[in-house]
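Trainee:
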Amino acid sequence: MSTLINPTTGLELDASPDSASLEDADAVIARAHDTFPAWRDVAPGERARLLRAFAAVVDEHLEELAQLEVLNAGHTIGNARWEAGNVRDCLNYYSAAPERLFGRQIPVAGGTDVTFHEPLGVVGIIVPWNFPMPIAAWGFAPALAAGNTVVLKPAELTPLTAIRIAELALEAGLPEGVLNVIPGKGSVVGERFVTHPLVRKVCFTGSTTVGKQIMAGCADQVKRVTLELGGKSANIVFADTDVAAAAASAPYAVFDNAGQDCCARSRILVQRSAYDEFVGRLETAVKTLRVLDPADERSEMGPLVSAGQRDSVQAYLDGATVAFTGSAPDGPGWWLPPTVVESTDTSEPVWREEVFGPVVAVMAFDDEDEAVALANDTEYGLSGSIFTADVGRALRVARRVEAGNLSVNSHSSVRYWTPFGGYKQSGLGRELGPDAPHAFTEEKNVFIAH
Ligand code: NAD
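Per UniProt numbering, the sequence shown starts with residue 1, numbered consecutively.
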């Protein structure tokens, strides 16, 4: 595997795991397949106990996992602790699933009809670099709970926490072969999850371009697939809201994780009568955002993950009207200041494309219809926010915005116990929430003649 770099310092990390070859990937997939029958047949209560034990071991190593993510991905220590805690919480939540994976009994003539949720077999999970721990857990926790074995490929840039989590699974008592982490290239290991007939489902999170290739590849075997892809989400601010509160919270909705968040509200739509006040207050909020060494407890934003990502984000600023920026440390590391662009033309790349960095574009609108039309004028549909004091308007707009995860007067979008996923080219299927284990099963119908 290419050398890992600490995004904060630009220096090489000591740990650089080997990149798996095609043969390595095949061997691990075979092992996961061999392990499947025994894992499927573990009694529900015992599988639940093992997942709770896994959660407890993750909790005991929370600080270690968080520090590893600060080093490898440049996440702020506050965020990284939340992310490791999210792995624990997903495991605890889905540890309740094995005993609750009910089928139904459906009335029929001449017999009894029952349904079962059978696990699929080996599930392949492909993880991006932006949230290495949570995105891994959103796949493996419900997949394991439903009785599947898992092969998981972390992103090339950020494999360290996933490798450690697989070790912790063994420490907690999960049998060898149940949760397998295979660091390697997307074009080798990830692609093999798509083409290998023993991998029965692929859960992919990443770019829309690669997601489309994966969906097309899975079609060849009619392989189950869940896609969580890009976003260009809108934060819609109506003039009747508390403009000060909306402006104070807006930076956190887009600059969290240095904007490398598929749910980033990277377009802010502000009703024209409140526009000047909002932008003025936003400037104060952006200028006071604490962009610091991510290991510093006070840090609210760290560096970008790589030099390449910083260059790609920077390119969006060429020709854009930058209204103001916040601060960023000088010196080494892949830093960019949080940047606010004023847009008047919806064809500008910074308005249309997923920048995946600390850049937000602001635009004025006149009325509710225009706000909804602008919000929906994108190929994406992942998340969004609506700020208004009018509950009727909040619900009307929330129903009309074509996105899977909306929040009113807040920017929250991901809770492990509520469903998460995208409309349009933001994805296919849903993760998290009470139904996630079903996405890792086949529903089987059995009729018994009396
Ligand atoms: P990416 O699509 O290049 O890579 C994502 C993962 O897919 C990596 O593990 C990579 O190795 C693997 N991969 C690459 N090519 C592959 C192939 N041909 N076959 C199989 N696997 C392959 O994306 P990235 O640059 O790592 O992540 C950033 C992108 O991910 C952004 O566009 C962002 O919007 C998106 N993303 C979406 C969500 C979501 O939940 N919707 C979450 C995080 C990131």
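Don't be surprised by glycine CBs; every beta carbon is placed ideally from N, CA and C.
Owing to the predicted nature of the structure, the values given are computational and were not obtained by experimental measurement.
1) Put THR205 into one of helix, strand or coil per three-state DSSP.
2) In terms of residue numbering, what span does the beta strand (DSSP E) encompassing ARG40 cover?
3) Runs of 3 residues minimum, wholly inside the segment 207-257: which ones carry the beta strand (DSSP E) assignment?
4) For THR241 and GLY217, which I take to be in contact (beta-carbon distance under 8 Å), what is that distance rounded to the nearest angstrom?
5) Please confirm whether any heavy atom of the ligand NAD lies closer than 7 Å to the CB of CYS262.
6) If you run the structure through DSSP and keep just helix, strand and coil, what is ASP345?
7) Please go through the same chain and pick out, in chain order, the residues whose beta-carbon is closer than 6 Å to the beta-carbon of ARG47, but skip the five residues on each side of it.
8) I'd like to confirm something about ALA155: is its beta-carbon nearer than 7 Å to some heavy atom of the ligand NAD, or not?
9) Kindly provide the ranges of any alpha helix (DSSP H) runs that are 4 or more residues long and lie completely inside the segment 45-124, ordered along the chain.
10) Does the segment 377-392 touch the segment 294-310, meaning 3 or more C-beta pairs lie closer than 8 Å?
11) Can at least three beta-carbon pairs, one atom from the segment 367-387 and one from the segment 209-224, be found at a separation below 8 Å?
12) Name the two residues that bound the continuous beta strand (DSSP E) containing MET301.
13) Can you check which of these residues, PRO434, THR346, LEU406, PHE255, is closest to PRO357 by C-alpha distance?
14) Is GLN271 near the ligand NAD, judged by its Cβ being under 7 Å from some heavy atom?
15) Run through DSSP, which three-state label would VAL340 get?
16) Distance, Cα to Cα, ALA172 vs PHE131?
17) Out of VAL360, CYS90, ALA169, which has the shortest C-alpha to C-alpha gap to PHE324?
18) Since ALA73 contacts PRO7 with CB under 8 Å, what's their CB separation in whole angstroms?
19) Within 10 Å of its beta-carbon, does ASN445 have 16 or more other beta-carbons around it, so buried, or fewer, so exposed?
20) Which residue's Cα is closest to the Cα of VAL401: PRO434, ALA137, ALA234?
21) What alpha helix (DSSP H) runs, 4 residues minimum, are completely inside the segment 377-412?
22) Would you decide whether PHE447 is buried or exposed? Buried here means 16 or more other CB atoms lie within 10 Å of its CB.
23) On the DSSP letters alone, give me the boundaries of the alpha helix (DSSP H) that ARG192 sits inside.
24) Do ILE29 and the ligand NAD come close, with the Cβ less than 7 Å from some heavy atom?
25) Measuring from the CB of PRO128, is there a heavy atom of the ligand NAD at a distance below 7 Å?
26) Measuring only from the beta carbon, is GLU99 closer than 7 Å to any heavy atom that is part of the ligand NAD?
27) For VAL127, I'd like the list of residues in its chain whose CB is within less than 7 Å of its CB, leaving aside the five on either flank, ordered along the chain.
28) Kindly examine the ligand NAD and report whether one of its heavy atoms sits closer than 7 Å to the Cβ of GLU379.
29) Can you find a heavy atom of the ligand NAD that lies under 7 Å from the Cβ of ILE135?
30) Under the assumption that ASN180 contacts PHE440 (Cβ atoms under 8 Å), give the Cβ distance between them as a whole number of angstroms.
31) Go to ALA150, then tell me how far its beta strand (DSSP E) extends in each direction, as first and last residue.
32) Would you say the beta carbon of LEU428 is closer than 7 Å to some non-hydrogen atom of the ligand NAD?
33) In terms of residues, what are the limits of the beta strand (DSSP E) holding GLN271?
34) Determine the extent of the beta strand (DSSP E) in which ILE448 is found, giving its start and end residues.
35) Is it buried or exposed for LEU395, if we count other Cβ within 10 angstroms and need 16 for buried?
36) Going by DSSP, what residue range makes up the beta strand (DSSP E) through PHE356?
Mentor: On the basis of the supplied data:
1) For the purposes of this step, residue 205 is taken as the residue at position 205 of the sequence shown. Here THR205 sits in strand by DSSP.
2) Within the sequence shown, numbered from 1, the residue matching residue 40 stands at position 40. Not the beta strand (DSSP E): ARG40 falls in the alpha helix (DSSP H), residues 22-40.
3) 224-228, 234-237
4) Position 241 of the sequence shown, counted from the first residue, corresponds to residue 241. Position 217 of the sequence shown, counted from the first residue, corresponds to residue 217. That pair is no contact at about 45 Å.
5) Locating residue 262 in the sequence shown gives position 262, counting from the first residue. CYS262: yes, Cβ under 7 Å from the ligand NAD.
6) In the sequence shown, residue 345 corresponds to position 345, counting from 1. ASP345: coil per DSSP, three-state reduction.
7) Position 47 of the sequence shown, counted from the start, is the residue given in the question as residue 47. Contacts found: PRO98.
8) Your numbering for residue 155 matches position 155 in the sequence shown. Correct: ALA155 has its Cβ closer than 7 Å to the ligand NAD.
9) 62-73, 77-94
10) no
11) no
12) To locate residue 301, count along the sequence shown from 1; it is residue 301. First-last for MET301: undefined, no H or E at that position.
13) As a working mapping, residue 357 is identified with position 357 in the sequence shown. According to the sequence displayed, residue 357 carries Gly and not Pro. It is PHE255.
14) Here residue 271 corresponds to residue number 271 of the sequence shown, with the count starting at 1. No, the ligand NAD has no heavy atom inside 7 Å of this Cβ.
15) Here residue 340 refers to the residue found at position 340 of the sequence shown. Three-state result, VAL340: strand.
16) Mapped onto the sequence shown, residue 172 falls at position 172. Mapped onto the sequence shown, residue 131 falls at position 131. Near 23 Å, if we compare the C-alpha coordinates of PHE131 and ALA172.
17) The residue given as residue 324 occupies position 324 in the sequence shown. When each option's Cα is compared against that of PHE324, the closest is VAL360.
18) As a working mapping, residue 73 is identified with position 73 in the sequence shown. As a working mapping, residue 7 is identified with position 7 in the sequence shown. With 8 Å as the limit, ALA73 and PRO7 qualify as a contact, their Cβ atoms being about 7 Å apart.
19) The sequence position of residue 445 within the sequence shown is 445, counting from 1. Burial call: exposed.
20) Position 401 of the sequence shown, counting from 1, holds the residue named residue 401. Checking every option, the nearest Cα to that of VAL401 belongs to ALA234.
21) 391-400
22) Here residue 447 refers to the residue found at position 447 when the sequence shown is read from its first residue. Burial call: exposed.
23) Here the question's residue 192 lines up with position 192 in the sequence shown. ARG192 -> alpha helix (DSSP H) spans 191-195.
24) Your numbering for residue 29 matches position 29 in the sequence shown. Not so, every heavy atom of the ligand NAD lies at least 7 Å from the Cβ.
25) Taking the sequence shown and counting its residues from 1, one reaches residue 128 at position 128. Yes, Cβ of PRO128 sits closer than 7 Å to a heavy atom of the ligand NAD.
26) Locating residue 99 in the sequence shown gives position 99, where the first residue counts as 1. The answer is no for GLU99.
27) As a first step, residue 127 is located in the sequence shown; it is residue number 127 there, counting from the start. ILE135, ALA136, LEU152, LYS153, PRO154, ALA155, ALA162, THR205, listed in sequence order.
28) Residue 379 sits at position 379 when you count from the first residue of the sequence shown. No, Cβ of GLU379 sits at least 7 Å from all heavy atoms of the ligand NAD.
29) For the purposes of this step, residue 135 is identified with residue 135 of the sequence shown, where counting begins at 1. Answer for ILE135: yes, Cβ within range of the ligand NAD.
30) Residue numbering aside, residue 180 sits at position 180 when the sequence shown is read from its first letter. Residue numbering aside, residue 440 sits at position 440 when the sequence shown is read from its first letter. With a Cβ gap of about 16 Å, ASN180 and PHE440 do not count as contacting.
31) The residue you call residue 150 lines up with position 150 of the sequence shown. The amino acid occupying residue 150 in the given sequence is Val; Ala does not appear at that position. 149-153 is the span of the beta strand (DSSP E), which, as asked, contains VAL150.
32) Position 428 of the sequence shown, counting from 1, holds the residue named residue 428. It does not: the Cβ of LEU428 is nowhere closer than 7 Å to a heavy atom of the ligand NAD.
33) Indexing the sequence shown from 1 puts residue 271 at position 271. Run containing GLN271: 267-271, per the beta strand (DSSP E) assignment.
34) Numbered from its first residue, the sequence shown carries residue 448 at position 448. Per DSSP, ILE448 belongs to the beta strand (DSSP E) from 441-449.
35) Residue mapping note: residue 395 aligns to position 395 of the sequence shown, counting from 1. That one is exposed.
36) The residue labelled residue 356 in the question sits at position 356 within the sequence shown. Careful: PHE356 lies outside any beta strand (DSSP E) and carries neither H nor E.
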